[in-house]
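K.L.:
Heads up: the sequence lines are chains A and B, in that order. Just so we're aligned, residue 1 is where the first sequence starts under our numbering, counting upward by one. Just so we're aligned, residue 1 is where the second sequence starts under our numbering, counting upward by one. For each residue, glycine too, the CB sits at the ideal point set by N, CA and C. Bear in mind the structure is a predicted one, so any value in this text is a computation, not a measurement. Pasting a structure here, questions to come.
Protein chains: 2
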Amino acid sequence: MSGDLSTKNDSGIPSGCGPLLPLGNANTKPMRQQIFEHVRAAGRATRTDVIRTLGISAGSATALTADLINAGLLREVDSVPRETGRGRPAVALEVIPETNFVIGIKLSDEAHSAVLTDFAGDAVATASLQTPAHPKSLDEILTEVGALMQDVLAAAQKNPNNIAAVGIGMSGIVDHQAGTVPWSPLLATRNSDFAAKFEARFSVPLHLDNDANMLTLAELWFGAGRAKSDFAVVTIEQGVGMGLVIDNRLYRGARGMGLELGHTKVQLDGALCRCGQRGCLEAYLADYALAREAATALHQQANDHHSPNALLTALFTQAKAGNEAAQTIFRRAGRYLSVGLANVVQLFDPALIIISGERMQYDYLYADEVLAEMHRLTLNDGRSACTVETHAWGDLVWARGATALALSAVTDQAVAAIS
Amino acid sequence: MSGDLSTKNDSGIPSGCGPLLPLGNANTKPMRQQIFEHVRAAGRATRTDVIRTLGISAGSATALTADLINAGLLREVDSVPRETGRGRPAVALEVIPETNFVIGIKLSDEAHSAVLTDFAGDAVATASLQTPAHPKSLDEILTEVGALMQDVLAAAQKNPNNIAAVGIGMSGIVDHQAGTVPWSPLLATRNSDFAAKFEARFSVPLHLDNDANMLTLAELWFGAGRAKSDFAVVTIEQGVGMGLVIDNRLYRGARGMGLELGHTKVQLDGALCRCGQRGCLEAYLADYALAREAATALHQQANDHHSPNALLTALFTQAKAGNEAAQTIFRRAGRYLSVGLANVVQLFDPALIIISGERMQYDYLYADEVLAEMHRLTLNDGRSACTVETHAWGDLVWARGATALALSAVTDQAVAAIS
DNA sequence: AAATTAAATTCAGGTATCGAATTAAAAAGC
DNA sequence: GCTTTTTAATTCGATACCTGAATTTAATTT
């Protein structure tokens, strides 16, 4: 046993043991908030339901729900369709949706999307905006965001001061805590002070995060992850990203960089990735990786297609039609996807993996074959295999994830204000 | 937007949003316990120190420390070497070590190790036991464990009923919660009801876990991880294992299987692993992987060495002496280690990676070259690089990790008993 | 010896929760 | 139709836990 691990030092003073940092006790939400969140999560819940789920006494339930009702956050539901059974019928509670509204926005290179959501988490209106696909200044982006917010407010017949908070998700390296963007493909400048500029311009609190985290939040709040405490979300778009939920919370990593599944190495000295390294998963799976091989496989008609998207579509059609070279491309991409997923399973042991992304429409990628290969590449020693779900959703779902971010901040604030 | 993510269903009843499972609120320890753990972590602490660290009022500190002192868990330190400064001198508090004792045990194929630790976390005595290296019945193992506990008790001059709990770490698939062992290389039978049998035989509570988790706990409680909230521990022994600390707590995965870094794939259709698959990291790094190539490299004298350990030592000597083939073996192992570590960094973004294992004595593995390669394989976009530490510690450290497991359970119990 | 400074204690008061007794609202039994 | 049964919700006293201001204690400085 060497240096660090000896406990008695020479002075005879015990040096102690155990973690030096206290657990983040911020995770212990006050009871009132837990009740509110349970009601919102369930859609509707009776007091008895709250008592059973949260393990509190009947007295507390009465008092705390009364607080929430007085504060205008919850209400009793009148039109209860009488359940069968004897005894006094339970009165359901529900969130009053009109208390607060938030906007969630997903920024992309070719289009931005927005969702306006009420306090119950229901989408009220959506909007989207086509934009030129090139890096912009922060001011330009904010102008586009402003126009988009106008649109979605108009569609929902609300005005700006109805909005309690805004959430924005974008690709790149995003510092969620600081609200800054060290780097993003959408921005021409590095280290943009995004949140500060936004708040100065629109006078609404902004919550900013990486887009893979947004998608993960969407699954945690609205999707298949709601019932799981630990799961991973893998997104295959231009790049390959990942989000992780651990103990019902989004895990953001220690240094705030995204979880870059796309740049894990699956082959020593393998294919060249746009990040400049070799053997990244992305270099076998992303749009540009397929596109550059497509040019070879479809040699004769390569010049017909200029957009990578059209090229991929053509490649897919060819593969379906029996073109051997085209099929090989997809088959290899599928195999590497299997490897990437298997690695995630081995390292995290999640209960569920959700694969998401519009490119999922090329169903080669989520073919049973890929999943079977993934399971084959995973040690399973008698345990139940990790379930995999595939969701091919559009930008609006990402935007809804952004509303979740804003919604949870607004909820914290609204419930804490009761005191 | 498709099915799952729509929130209003046809009945008009809101379906709700947000995570359905509540956060584990077990993480909110009562103040008394936080104080106790802070004093133990610091070795010694004054009440004022407690006030500042935990952010509680002076009144609470007095009352709660008085409880802990009355309960016989803490005591004031008399011999305070007077610090310079005016005002009433602070009285330091410390844990009374003799309140409770625990034993931590690491089971291996060739030897078992044990540490007897007092309530302050200081090792009182150690013992180890050579054993035949073959799978055994649960009864045989428990007999060996019994003998080992006898030894360590004798060395510490304690008797069995001084022991409040025992922690055991072993390789294989271990269900920590249930206290069962679905599979382990040390046990001849599957699905052993380890903890129940142990407790029936020795009448002491047992806490059982995977050995990689034990090592991670050792780093969290006694080592370099104490000051970090998120870090990873990689262990290279017979296999390649990993442990993960997230938010100051050990992450155990959703299905209770270990985090199997060793079986992540670093090469499609690569080297054959003992798990039967191809391209596992372990197949390039573990003892047996090096040994099987060593036989080729040292062709002439391959027959002289029968133990894999001796073979590796010979290989290492040869490499140092300039044998090209031997050097190639180590160089390749080093490169794949870089890939494995880089993948962990990309997927987890930990603040610190600790590499541990006796095989670390072959310093090729922790050569700066490997770390440099790892950093090269990692996206670093301006952020501070992930630090890597290497620890070449023996089985006793693993055993101390097992004491941490027992210690934390005993602490919970002892502090809760005050009420 | 008096003033200053810092640590620790005392104690009144507040908040949050529990738990037992009570009230409320329905169905079932006679 | 009235009572009993059953379940939901409320009321209210008791209590654990913590804060914060005032006070006491024990040292140093002047």
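CB-CB under 6 Å to residue 239 of chain A, same chain, minus the five flanking residues each way: which ones, in chain order?
P.N.:
For the purposes of this step, residue 239 of chain A is taken as residue 239 along the first sequence, with counting starting at 1. So the qualifying residues of the chain are 262, 282 and 286.
K.L.:
Is residue 203 of chain A buried or exposed, if buried means 16 or more other CB atoms sit within 10 Å of its CB?
P.N.:
Here residue 203 of chain A refers to the residue found at position 203 when the first sequence is read from its first residue. Flag for residue 203 of chain A reads exposed.
K.L.:
Tell me, which residues are paired with residue 375 of chain B by DSSP?
P.N.:
Working through the second sequence from its first residue, we reach residue 375 of chain B at position 375. DSSP, once it has assigned bridges, lists no residue as partnering residue 375 of chain B.
K.L.:
Nearest to residue 398 of chain B by alpha carbon, out of B:210, B:415 and B:369?
P.N.:
Locating residue 398 of chain B in the second sequence gives position 398, counting from the first residue. Closest by alpha carbon: B:210.
K.L.:
At the 7 Å Cβ level, is residue 207 of chain B part of the contact set with chain A, yes or no?
P.N.:
Taking the first residue of the second sequence as 1, we reach residue 207 of chain B at position 207. It does not; no Cβ of chain A falls within 7 Å.
K.L.:
Output the boundary residues of the beta strand (DSSP E) element that contains residue 355 of chain A.
P.N.:
In the first sequence, counting from the first residue as 1, residue 355 of chain A sits at position 355. Unbroken beta strand (DSSP E) run through residue 355 of chain A: 352 to 356.
K.L.:
Taking the C-alpha atoms as reference points, what is the distance between residue 334 of chain A and residue 325 of chain A?
P.N.:
The count along the first sequence starts at 1 and reaches residue 334 of chain A at position 334. The count along the first sequence starts at 1 and reaches residue 325 of chain A at position 325. If you take the alpha carbons of residue 334 of chain A and residue 325 of chain A, they lie about 14 Å apart.
K.L.:
For chain B, check one thing: does any of its Cβ atoms lie closer than 7 Å to the Cβ of residue 198 of chain A?
P.N.:
Working through the first sequence from its first residue, we reach residue 198 of chain A at position 198. Chain B contact via Cβ: absent.
K.L.:
Let me confirm a value: residue 269 of chain B is counted as buried when at least 16 other C-beta atoms fall within 10 Å, else exposed. Which label applies?
P.N.:
The residue given as residue 269 of chain B occupies position 269 in the second sequence. Burial call: exposed.
K.L.:
What residue does the alpha helix (DSSP H) around residue 21 of chain A start on, and which one ends it?
P.N.:
Within the first sequence, the letter at position 21 stands for residue 21 of chain A. Residue 21 of chain A -> no alpha helix (DSSP H), and no H or E assigned at all.
K.L.:
Taking its Cβ as the centre, do 16 or more other Cβ atoms sit within 10 Å of residue 157 of chain A, making it buried, or is it exposed?
P.N.:
Locating residue 157 of chain A in the first sequence gives position 157, counting from the first residue. Its Cβ having fewer than 16 others within 10 Å, residue 157 of chain A is exposed.
K.L.:
Residues of chain A with CB under 7 Å from residue 263 of chain B, in chain order?
P.N.:
Taking the first residue of the second sequence as position 1, residue 263 of chain B is located at position 263. Here the neighbours are 346 and 379.
K.L.:
Would you check if the region 113 to 127 of chain B and the region 389 to 408 of chain B touch, i.e. whether three or more CB-CB distances between them fall below 8 Å?
P.N.:
They touch, by the three-pair rule.
K.L.:
Using the Cβ count rule (16 or more neighbours within 10 Å means buried), how would you classify residue 70 of chain A?
P.N.:
Counting from 1 along the first sequence, the entry for residue 70 of chain A is found at position 70. Exposed.
K.L.:
How big is the Cα-Cα spacing for residue 236 of chain B and residue 336 of chain A?
P.N.:
In the second sequence, counting from the first residue as 1, residue 236 of chain B sits at position 236. In the first sequence, counting from the first residue as 1, residue 336 of chain A sits at position 336. If you take the alpha carbons of residue 236 of chain B and residue 336 of chain A, they lie about 26 Å apart.
K.L.:
Is the distance from the Cβ of residue 168 of chain A to the Cβ of residue 208 of chain A below 7 Å?
P.N.:
Walking along the first sequence from the start, residue 168 of chain A turns up at place 168. Walking along the first sequence from the start, residue 208 of chain A turns up at place 208. A contact, by the Cβ cut-off of 7 Å.
K.L.:
Between which residues of its own chain and residue 260 of chain B is the CB-CB distance below 6 Å, once the five residues before and five after are set aside?
P.N.:
Along the second sequence, read from residue 1 onward, the residue named residue 260 of chain B stands at position 260. Counting only Cβ-Cβ distances below 6 Å, and skipping sequence neighbours, we find nothing.
K.L.:
Starting from the Cα of residue 400 of chain A, find the closest Cα among A:20, A:115 and A:312 and give me that residue.
P.N.:
To locate residue 400 of chain A, count along the first sequence from 1; it is residue 400. Looking at the Cα atoms, A:115 is the closest of the given residues.
K.L.:
Considering only their Cβ atoms, is the gap separating residue 119 of chain A from residue 152 of chain A smaller than 7 Å?
P.N.:
Here residue 152 of chain A is taken as the residue at index 152 of the first sequence, counted from 1. Here residue 119 of chain A is taken as the residue at index 119 of the first sequence, counted from 1. Not closer than 7 Å, so no.
K.L.:
The beta strand (DSSP E) with residue 169 of chain A in it runs from where to where?
P.N.:
On the first sequence, position 169 is the one that residue 169 of chain A refers to. Looking at the DSSP string, the run of the beta strand (DSSP E) that includes residue 169 of chain A is 163 to 170.
K.L.:
First and last residue of the alpha helix (DSSP H) that includes residue 271 of chain A?
P.N.:
On the first sequence, position 271 is the one that residue 271 of chain A refers to. Here residue 271 of chain A belongs to no alpha helix (DSSP H), and DSSP marks it neither H nor E.
K.L.:
Would you say residue 143 of chain B faces chain A, with C-beta separation under 7 Å as the test?
P.N.:
Translated into positions along the second sequence, residue 143 of chain B becomes position 143. With 7 Å as the cut-off, residue 143 of chain B does not count as an interface residue toward chain A.
K.L.:
Flag residue 343 of chain B as yes if its beta-carbon sits less than 7 Å from any beta-carbon of chain A, otherwise no.
P.N.:
Start at 1 with the first residue of the second sequence, and residue 343 of chain B comes out as number 343. Residue 343 of chain B counts as touching chain A.
K.L.:
Do you know offhand how far residue 227 of chain A's Cα is from residue 328 of chain A's?
P.N.:
As a working mapping, residue 227 of chain A is identified with position 227 in the first sequence. As a working mapping, residue 328 of chain A is identified with position 328 in the first sequence. Each residue's Cα considered, the two are about 38 Å apart.
K.L.:
Anything in chain B within Cβ reach of residue 339 of chain A, meaning under 7 Å, just list it in chain order.
P.N.:
Within the first sequence, the letter at position 339 stands for residue 339 of chain A. In chain order: 265 and 268.
K.L.:
Closer than 8 Å, Cβ to Cβ, to anything on chain A: give me those residues from the region 237 to 251 of chain B, in chain order.
P.N.:
From the region 237 to 251 of chain B, only 242, 246, 247, 248, 249 and 251 have a Cβ closer than 8 Å to chain A.
K.L.:
Give the straight-line distance between the Cα atoms of residue 75 of chain A and residue 93 of chain A, rounded to the nearest whole angstrom.
P.N.:
Within the first sequence, numbered from 1, the residue matching residue 75 of chain A stands at position 75. Within the first sequence, numbered from 1, the residue matching residue 93 of chain A stands at position 93. Looking at the two C-alpha atoms, the distance is approximately 6 Å.
K.L.:
Hey, is residue 331 of chain B's beta-carbon within less than 7 Å of any beta-carbon in chain A?
P.N.:
Here residue 331 of chain B refers to the residue found at position 331 of the second sequence. So no, residue 331 of chain B is outside the interface.
K.L.:
Got a sec? Which residues, its chain only, sit under 7 Å from residue 188 of chain A by beta carbon, not counting five neighbours each side?
P.N.:
Here the question's residue 188 of chain A lines up with position 188 in the first sequence. Within the same chain, residue 188 of chain A has close Cβ partners 135, 136 and 137.
K.L.:
Check the Cβ of residue 227 of chain B against every Cβ in chain A and list those closer than 8 Å, keeping chain order.
P.N.:
Indexing the second sequence from 1 puts residue 227 of chain B at position 227. In chain order: 20 and 21.
K.L.:
Check residue 119 of chain A in the structure and name its three-state DSSP category.
P.N.:
Working through the first sequence from its first residue, we reach residue 119 of chain A at position 119. Correct three-state label for residue 119 of chain A: coil.
K.L.:
Can you pull the chain A neighbours of residue 37 of chain B, defined as C-beta to C-beta under 7 Å?
P.N.:
As a working note, residue 37 of chain B is residue 37 in the second sequence. Result: 18.
K.L.:
Is residue 345 of chain A helix, strand or coil by DSSP?
P.N.:
Here the question's residue 345 of chain A lines up with position 345 in the first sequence. Correct three-state label for residue 345 of chain A: helix.
K.L.:
Given that residue 349 of chain B touches chain A, what residues does it touch there, using C-beta distances under 7 Å?
P.N.:
In the second sequence, counting from the first residue as 1, residue 349 of chain B sits at position 349. Going along chain A in sequence order, the residues near residue 349 of chain B (Cβ under 7 Å) are 253, 254, 255, 257 and 259.
K.L.:
Quick one: using the 10 Å Cβ neighbour count with 16 as the cut-off for buried, is residue 63 of chain B buried or exposed?
P.N.:
Mapped onto the second sequence, residue 63 of chain B falls at position 63. Under this definition residue 63 of chain B is an exposed residue.
K.L.:
Tell me, to the nearest whole angstrom, how far the beta carbon of residue 291 of chain B is from that of residue 272 of chain B; I am working on the premise that it is less than 8 Å.
P.N.:
Your numbering for residue 291 of chain B matches position 291 in the second sequence. Your numbering for residue 272 of chain B matches position 272 in the second sequence. Not confirmed; about 13 Å, so no contact.
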